[in-house]
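Everything below concerns the one structure shown next.
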Amino acid sequence: MQEQLAAILATATAAAPAIATRPEYESFKARIVGPNGSLTAAMKGMAGVPKEERPAAGRLLNETKGALESLFAATLGRIEAAEIAARLGAPVDPTLPSPDDFAGSLHPLTQVREEVSGVFRKLGFTIAEGPEIESEWVCFDALNTPGNHPARDMQDTLYMPPGTRCVDAPRRGVEAYVLRSHTSTVQIRTMLRQEPPVRIVAPGRCFRRDTVDATHSANFHQIEGLWVDRDVTLRDLKGVLDFFVREMFGSGAEIRFRPSFFPFTEPSFEMDVRSSGLGRLSGRWLEIMGCGLVDPRVFENVGYDASRWTGLAFGMGLERIAMLLYGIDDIRHFYANDLRFLRQFA
Ligand code: DAH
Numbered sequence: 050m051q052e053q054l055a056a057i058l059a060t061a062t063a064a065a066p067a068i069a070t071r072p073e074y075e076s077f078k079a080r081i082v083g084p085n086g087s088l089t090a091a092m093k094g095m096a097g098v099p100k101e102e103r104p105a106a107g108r109l110l111n112e113t114k115g116a117l118e119s120l121f122a123a124t125l126g127r128i129e130a131a132e133i134a135a136r137l138g139a140p141v142d143p144t145l146p147s148p149d150d151f152a153g154s155l156h157p158l159t160q161v162r163e164e165v166s167g168v169f170r171k172l173g174f175t176i177a178e179g180p181e182i183e184s185e186w187v188c189f190d191a192l193n194t195p196g197n198h199p200a201r202d203m204q205d206t207l208y209m210p211p212g213t214r215c216v217d218a219p220r221r222g223v224e225a226y227v228l229r230s231h232t233s234t235v236q237i238r239t240m241l242r243q244e245p246p247v248r249i250v251a252p253g254r255c256f257r258r259d260t261v262d263a264t265h266s267a268n269f270h271q272i273e274g275l276w277v278d279r280d281v282t283l284r285d286l287k288g289v290l291d292f293f294v295r296e297m298f299g300s301g302a303e304i305r306f307r308p309s310f311f312p313f314t315e316p317s318f319e320m321d322v323r324s325s326g327l328g329r330l331s332g333r334w335l336e337i338m339g340c341g342l343v344d345p346r347v348f349e350n351v352g353y354d355a356s357r358w359t360g361l362a363f364g365m366g367l368e369r370i371a372m373l374l375y376g377i378d379d380i381r382h383f384y385a386n387d388l389r390f391l392r393q394f395a
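Heads up: the sequence shown at position 108 corresponds to 157 in this note's numbering, and the numbers run straight through without jumps.
The following block contains the structure:
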């Protein structure tokens, strides 16, 4: 019995390396464990083994069976690997680098838009929207920007062809339509739609007839903020914006207000930020937004009682914020769709 089993294992071990296909493998296996196989015969032979030798013979039989099963598994594994390699047309080299697994990511401007919106959401602001084609009245007149104001100049603002209409445009006499030059339009639309209190931020695309260079783009993005309530003061404006810059630029970030002019706020300011976490721009005052207290004329234009309501407003360019945060020196990178640039924000 012992020699018989040793011979079966030795024969099988010697034959296995030459087995190259599935049919060969099947008949190889059948010769050993099939109905007429050598191991099957040996198992039948157990009946003739004297009683006292049976336990030892049984153990040996099981060991041989186990060894043969490993041999079958290894042989089949080798055949399968060869099949896969043949399908691929080349041997598999597991040391090759894996294929590019870049699955795409949000555009840096989208990320900054979400981050900025998220900071204001913490202060109870909700997100508001408005159309990109806007009536001249909403874009300028309602924002207290008279007809002869330079911002309305054809050089700056892109006018739509005569006959253009815009969804839900509030009609105020003869209308012209523009591509909105700022998101302050959403202040007007929100106030026309709802009574105070109002606390919104409005991110969105804006358009101007700018010559494209490293810092100008005819198509850019802003986020506008508006808070209308009783007794909103400059302290609230400073508090909101101070919180904003510390969330965005680090807890040590400081702000500075410089007197300025916007038709829709009185008083108006340019706000600068200074932070130690801005690389080569660290420690410098950097202008990031316009802001102020809502001009009572704007309230009158939307039918709010200017003697009851007060408000703060601010507006900033998202490209500018992204450029400062990430140390980007050319605004055109945002629109070039160059994956080498975009992948850095994954
Ligand atoms: N709309 C202004 C611009 O495009 C930015 C701005 C300044 C918005 C002051 C405001 C504000 O709400 O109060 O340059």
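The C-beta atom is built at its ideal place from N, Cα and C for all residues, glycine as well.
A quick note: this is a predicted structure, and the numbers were derived from the prediction, not measured.
Check                                                                                                                                                                        : Outcome
Spatial neighbours of M203 within its chain, please: CB distance less than 8 Å, with the 5 preceding and 5 following residues excluded, ordered by chain position.           : R258
Please say whether S309 and F318 have beta carbons closer to each other than 8 Å?                                                                                            : yes
Would you kindly report the start and end of the unbroken alpha helix (DSSP H) that includes Y74?                                                                            : 71 to 82
Under three-state DSSP, which class holds V261?                                                                                                                              : coil
Hey, out of R254, A218, V247, whose CA is closest to R229's CA?                                                                                                              : R254
Could you spell out where the alpha helix (DSSP H) holding C188 opens and where it closes?                                                                                   : 185 to 188
Would you check whether the ligand DAH has a heavy atom nearer than 7 Å to the C-beta of H233?                                                                               : Here residue 233 turns out to be Ser, not His, going by the sequence shown. Under cutoff, so the answer is yes.
Once you ignore the five residues that flank L54 on each side, which residues in its own chain have a CB closer than 7 Å to its CB?                                          : A91, L109, L110, T113
Can you tell me which of D379, I57, F121 puts its alpha carbon nearest to the alpha carbon of T70?                                                                           : F121
Is C340 close to the ligand DAH? I mean its beta-carbon at under 7 Å from any heavy atom of the ligand.                                                                      : yes
Along the beta strand (DSSP E) that carries I57, what are the first and last residues, could you check?                                                                      : Unbroken run through I57 is the alpha helix (DSSP H), 51 to 64; no beta strand (DSSP E).
CB of E273 to nearest heavy atom of the ligand DAH: below 7 Å?                                                                                                               : yes
Going by beta-carbon coordinates alone, are L290 and F363 separated by less than 8 Å?                                                                                        : yes
Please list, in chain order, all residues of the same chain as T359 whose beta carbon is under 8 Å from its beta carbon, the five residues on each side excluded.            : V277, D278, R279, D280, V281, T282, L342, V343
Measuring alpha carbon to alpha carbon, tell me which of L207, F390, Q160 ends up nearest M297.                                                                              : Q160
Looking at E178: is its Cβ nearer than 8 Å to the Cβ of V235?                                                                                                                : yes
Answer yes if the region 367 to 376 comes into contact with the region 160 to 175, meaning at least three C-beta pairs across the two stretches below 8 Å, and no otherwise. : yes
Give the DSSP-derived three-state secondary structure of Q236 in the structure shown.                                                                                        : helix
Kindly indicate which three-state DSSP category P199 falls into: helix, strand or coil?                                                                                      : helix
Let's test the definition: count the other Cβ atoms within 10 Å of the Cβ of R238 and tell me whether it reaches 16, buried, or not, exposed.                                : buried
Are the region 174 to 190 and the region 207 to 220 in contact at 8 Å, needing three or more beta carbon pairs?                                                              : yes
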